[in-house]
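The next block holds one structure in the form of C-alpha cells; read it before the comments.
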Amino acid sequence: MNAAAHSQDRIKHAFLWPAFLIVLLISLFPLIYALSVSFQTMRLVPPTPPRFVGVSNYADVLVSARFWGSVWTTAIIVFASVALQYVIGFALALALHHNVPGAALYRVTFLLPMFLAPVCVALIARMIFHPVVGPVNDLFTFLGAPNIPFLTQPKLALAVLVTIEVWQWTPFVVLLMLAGLQGLPAEVFEAARVDNIPAWRRFRDITFPMLLPLSVAVVFIRLIEGFKIIDTVFVLTGGGPGTSTETVTLYAYNEGFKKFNIGMTSALSFVFLVVIILFGTVYLAAAQRLTRKYA
Amino acid sequence: MENRSYRALGLFFSLFWLFLCLFPLWWVFVTAFKPPLAVSQGATYLPFIDFQPTLQAFRDAFSGQRGDFLNPILSSVYVSITATVLSVFLGSMAAYALVRFEFRVRLLSGVIFGIVAIGGFILLNSVYGMRVPYALVLVLVVGLPVAILANRMPLPGPVMTNQDVTFWFVSQRMFPPIVSAFAIFLLYSESNKVGLRLLDSFPGLVLAYTAFGLPFAIWLMRDFFQTVPIEVEEAAQVDDIGRMRIFFQIVLPMAKPGLVATAMIVLAFIWNEFLFALLLTSSKWQTLPILLAGQNSSRGDEWWAISVATLISIVPMIVVAAILGRMMRSGLLSGSIK
Numbered sequence: 007m008n009a010a011a012h013s014q015d016r017i018k019h020a021f022l023w024p025a026f027l028i029v030l031l032i033s034l035f036p037l038i039y040a041l042s043v044s045f046q047t048m049r050l051v052p053p054t055p056p057r058f059v060g061v062s063n064y065a066d067v068l069v070s071a072r073f074w075g076s077v078w079t080t081a082i083i084v085f086a087s088v089a090l091q092y093v094i095g096f097a098l099a100l101a102l103h104h105n106v107p108g109a110a111l112y113r114v115t116f117l118l119p120m121f122l123a124p125v126c127v128a129l130i131a132r133m134i135f136h137p138v139v140g141p142v143n144d145l146f147t148f149l150g151a152p153n154i155p156f157l158t159q160p161k162l163a164l165a166v167l168v169t170i171e172v173w174q175w176t177p178f179v180v181l182l183m184l185a186g187l188q189g190l191p192a193e194v195f196e197a198a199r200v201d202n203i204p205a206w207r208r209f210r211d212i213t214f215p216m217l218l219p220l221s222v223a224v225v226f227i228r229l230i231e232g233f234k235i236i237d238t239v240f241v242l243t244g245g246g247p248g249t250s251t252e253t254v255t256l257y258a259y260n261e262g263f264k265k266f267n268i269g270m271t272s273a274l275s276f277v278f279l280v281v282i283i284l285f286g287t288v289y290l291a292a293a294q295r296l297t298r299k300y301a
Numbered sequence: 206m207e208n209r210s211y212r213a214l215g216l217f218f219s220l221f222w223l224f225l226c227l228f229p230l231w232w233v234f235v236t237a238f239k240p241p242l243a244v245s246q247g248a249t250y251l252p253f254i255d256f257q258p259t260l261q262a263f264r265d266a267f268s269g270q271r272g273d274f275l276n277p278i279l280s281s282v283y284v285s286i287t288a289t290v291l292s293v294f295l296g297s298m299a300a301y302a303l304v305r306f307e308f309r310v311r312l313l314s315g316v317i318f319g320i321v322a323i324g325g326f327i328l329l330n331s332v333y334g335m336r337v338p339y340a341l342v343l344v345l346v347v348g349l350p351v352a353i354l355a356n357r358m359p360l361p362g363p364v365m366t367n368q369d370v371t372f373w374f375v376s377q378r379m380f381p382p383i384v385s386a387f388a389i390f391l392l393y394s395e396s397n398k399v400g401l402r403l404l405d406s407f408p409g410l411v412l413a414y415t416a417f418g419l420p421f422a423i424w425l426m427r428d429f430f431q432t433v434p435i436e437v438e439e440a441a442q443v444d445d446i447g448r449m450r451i452f453f454q455i456v457l458p459m460a461k462p463g464l465v466a467t468a469m470i471v472l473a474f475i476w477n478e479f480l481f482a483l484l485l486t487s488s489k490w491q492t493l494p495i496l497l498a499g500q501n502s503s504r505g506d507e508w509w510a511i512s513v514a515t516l517i518s519i520v521p522m523i524v525v526a527a528i529l530g531r532m533m534r535s536g537l538l539s540g541s542i543k
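For the protein sequence lines, the chains are A and B, in the order given. Each number in the numbering used here comes from the position in the first sequence (counting from 1) with 6 added on. Each number in the numbering used here comes from the position in the second sequence (counting from 1) with 205 added on.
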C-alpha cells in the first residue's frame with residue numbers, strides 16, 4: 007500500500023475533522039474574541055459598553071507592580087520545584103531501574119500523587135502544615151522547636167508551595183526517566199562494567215549524556231505545566247499573605263472575577279502567553295546547543 | 206562493595222520517599238474518621254489508640270444537611286465520563302488518521318483563514334455591531350471553506366505535514382490555560398445572552414473538557430496506533446472492507462490496552478481540573494474540585510468534614526493509578542513514551 011493511494015482516500019477527513027473542529031472552536035476561536043477584547047475597556051460589573059482603547063490595557067499590565075510580582079512568584083515556585091523534581095525524580099528512577107528491594111510496590115505508590123487533584127493535595131497540605139493541629143508542627147514541638155506559622159509568612163508559604171509541587175509532580179519525572187533508562191542499550195553498560203569503570207563515572211559519562219535529550223523534554227514539560235499553577239495556591243494561601251504568593255494565573259483570575267476588569271484580564275493573559283512562548287523558544291534553543299555539545 | 210553501598214543508599218531513599226508519599230494519604234484517611242475533639246486538640250495519629258474512630262463525618266456529608274455534596278459529585282461524574290469518552294473516541298479517530306493517512310496543509314491557507322477569521326470578526330462585531338456568537342459562527346462558516354479552497358491552489362510557501370498537524374494539536378496544551386479558559390468564559394457568557402446556554406451547563410462544560418482532553422488523546426493514541434501492524438489492515442483492504450469498518454472492528458480492538466490507558470489519563474486530568482470549572486460554572490454544574498476549594502472558607506477548621514470530601518475525590522484516582530501502574534509494569538506505557 008503506497009502513500010499516494012492513502013492520501014487519495016477521502017475518508018481520512020471524516021477521521022480528522024471532528025477533533026479538529028472541536029479544538030478550533032473551543033481553543034482557538036475564543037482567542038480571537040479575547041484578543042479583540044484586550045484592546046477595549048470592558049467591565050461586567052457595572053456593565054459599561056466596550057470602548058476601543060488601543061494598547062492601554064497592555065500598558066497597564068506592563069507597569070503594574072502586582073503583575074511583575076506575580077511573575078516573580080510564579081518563576082520562583084516553578085524553577086525551584088522543577089529543579090528538585092528533576093533531581094529527586096531521576097534518583098528515584100535510577101533506584102527503581104536497579105531493582106531496589108520492593109520496586110514493584112514503589113512503582114504504583116510513586117505514581118499516586120500525580121493523579122490526585124491539586125485542590126485535594128493543597129487541602130491535605132493545609133492540614134499537615136496547620137500551626138496547631140498539624141503533624142509537622144507536632145514533630146517540631148516534639149523536637150523542642152517553636153511552632154512555625156507556615157502559611158502566614160511569605161517565605162515559608164512559598165516553601166510549602168514548592169514542597170507541594172515537588173511532592174505531586176516528582177512522579178512524572180520518575181515515570182519518564184524510568185522509561186528512558188529502560189530504553190538504553192544494555193551492551194554499553196556491559197562493556198563499561200567489563201572495563202571496571204566505577205558506577206559514578208558510568209552515570210556521568212554514559213547514562214546522563216544519553217538521557218540528556220529526554221531530560222530536556224521532561225524539564226520542559228514540567229516548566230510549561232508549572233507556569234499554569236493556580237489551584238494549589240488558590241486553596242493553600244489564596245495568594246496571601248497580601249499578594250506575596252500570588253501567581254500569574256491567580257492574579258488574572260482576581261483581576262477578572264473580583265474586579266471584573268475584562269479588558270485588562272484579556273491583555274494580561276496575552277502578555278503571559280507571549281512570555282511563555284518567548285521562554286519556551288529560548289529554552290529549546292539553549293537546550294539544543296547543550297545537547298549538541300554533549301553528543 | 207561500592208555497588209552495595211549505592212544499593213543501600215537507593216533503598217533508603219526509596220523507603221524515605223515511600224513514607225513521604227503515603228503519610229499525607231494516611232493522614233487524610235484517618236482524619237475522616239476522627240471525632241471533632243481528636244482533631245482540634247492537636248495531632249493524633251493512630252485510630253483506636255489515639256482516638257476512637259467514628260463514621261459521623263461521612264453521615265453528615267451524605268445526609269446533605271451541611272451543604273450539598275451529592276450534586277457536585279454527580280456533575281463531576283457525568284461531565285468527566287462524557288468528556289473522556291468523547292475525547293478518547295474522537296482523539297483516536299484523529300490519531301489514526303494522522304498515522305495512516307497523509308495530510309498536506311499549506312501554511313498560507315492557514316494564514317488566510319486567520320486573516321479572514323480575525324478581520325471578519327472585528328468587522329462584523331465592531332463595525333456592524335453583530336452579536337459575538339453569530340459573528341464567530343459566520344466567520345467560521347465563511348473562513349473554513351475559503352481556507353480549504355486555498356489549500357487546493359498551488360500557493361507558494363511551506364507545506365505542513367502530519368507532524369505539524371500533530372504539533373498543532375499538542376501545542377494547544379502549551380498555552381497557559383487561563384488564556385483559553387478566560388476566552389471561553391467570555392464567549393460562553395455572550396452565547397448565554399443570545400439564549401444558547403453554555404455557561405454553567407452540561408454541554409458547555411463537556412465541550413470545553415473534550416477540547417481539553419483531545420490533545421492528550423491524540424498524542425498518546427498516535428503512539429499506540431504506530432505499534433499496530435499495518436499488514437492486517439492491508440489484508441482487510443484487499444477484501445474491500447471500508448476504512449471505517451477496518452478502524453472500528455480491527456484497529457480499535459487491537460489498540461484496546463492503549464485505549465484504556467489513554468482514557469485513564471484523560472479521565473484523571475478532567476476529574477481533577479480546576480480552572481475551567483471555576484470559570485465556567487457557577488451553581489448548577491459545579492464540579493468536585495470547586496466544592497473542595499470552597500470547603501476552606503465555608504468550614505474553617507472542620508478538618509474531619511474536609512477530609513471526607515477529599516477522600517471522595519481521591520479514591521477513584523487511586524484506582525486509576527493502580528490500573529495504570531499495572532500497565533506500566535507490563536511495559537505498555539514505557540514503550541509509548543518517546
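Idealized CB from N, CA, C, for every residue including glycine. Owing to the predicted nature of the structure, the values given are computational and were not obtained by experimental measurement.
- Contact annotation, L274(A) with F73(A): C-beta distance approximately 7 Å; criterion of less than 8 Å satisfied.
- Of all residues in the region 516-530 of chain B, only S518, I519, M522, I523, V525, A526, A527, L529, G530 place a beta-carbon less than 7 Å from a beta-carbon of chain A.
- In its chain, beyond the 5 residues on either side, P137, N143 have a beta carbon closer than 6 Å to the beta carbon of N153(A).
- Chain-ordered, the chain A residues with CB closer than 7 Å to the CB of P382(B) read K234.
- Boundaries of the alpha helix (DSSP H) harbouring R450(B): 448-451, taken from the DSSP string.
- Think of a sphere of 7 Å around the beta carbon of V471(B): no beta carbon from chain A falls inside it, the nearest being about 12 Å out.
- Within the region 218-295 of chain A, the complete alpha helix (DSSP H) segments of 4 residues or longer fall at 218-232, 237-242, 254-263, listed in chain order.
- Among the residues facing chain A, I451(B) is not included, as its CB has no counterpart in that chain under 8 Å away.
- T47(A) carries a strand assignment under DSSP once its states are collapsed to helix, strand and coil.
- Around the beta carbon of D444(B), fewer than 16 other beta carbons sit within 10 angstroms, so the residue counts as exposed.
- Under the three-state reduction of DSSP output, F58(A) falls in the strand class.
- In this structure, the CA atom of L129(A) is about 53 Å from the CA atom of A355(B).
- Sorting T115(A), Q46(A), A25(A), V69(A) by C-alpha distance to the C-alpha of G60(A) places Q46(A) at the top.
- Interface annotation for the region 32-43 of chain A against chain B: I32, S33, L34, F35, P36, L37, I38, Y39, A40, L41, S42, V43, criterion Cβ-Cβ distance under 9 Å.
- Here R378(B) carries a coil assignment [DSSP, helix/strand/coil].
- When DSSP states are grouped into helix, strand and coil, R305(B) belongs to the helix group.
- Collapsing the DSSP output to three states places F256(B) in a strand.
- A Cβ of chain B is located within less than 8 Å of the beta carbon of D144(A).
- For R311(B), DSSP records a beta bridge to V364(B).
- Taking I32(A) as reference, the option from T432(B), A440(B), L403(B), E507(B) with the minimal CA-CA separation is L403(B).
- When the alpha-carbon of N105(A) is set against those of T467(B), E438(B), L216(B), the nearest one is in L216(B).
- For R113(A), the closest Cβ of chain B is nearer than 8 Å.
- Spanning the alpha carbons of I511(B) and Q246(B) requires a straight line of approximately 17 Å.
- Using a CB distance cut-off of 8 Å, S275(A) counts as an interface residue toward chain B.
- R336(B) has a beta carbon lying at 8 Å or more from every beta carbon in chain A.
- Measuring C-alpha to C-alpha distances from T79(A) to each of G245(A), Y289(A), F58(A), L218(A) identifies G245(A) as the nearest.
- Annotation: the continuous alpha helix (DSSP H) that includes I83(A) extends over 71-103.
- Taken through DSSP and simplified to helix, strand or coil, V433(B) comes out as coil.
- The region 286-301 of chain B and the region 338-348 of chain B do not touch, with fewer than three beta-carbon pairs separated by less than 8 Å.
- For M183(A), the enclosing alpha helix (DSSP H) covers residues 160-188.
- Judged by DSSP in its simplified three-state form, E478(B) adopts coil rather than helix or strand.
- Residue state for D405(B) is assigned as coil, using DSSP reduced to three classes.
- With a 10 Å radius around the Cβ and a threshold of 16 neighbouring Cβ atoms, Q500(B) comes out buried.
- Under the 8 Å criterion on CB atoms, N330(B) is classed as interfacial with respect to chain A.
- The Cβ atoms of W509(B) and M133(A) do not sit closer than 8 Å to each other.
- Annotation: the continuous alpha helix (DSSP H) that includes M133(A) extends over 124-134.
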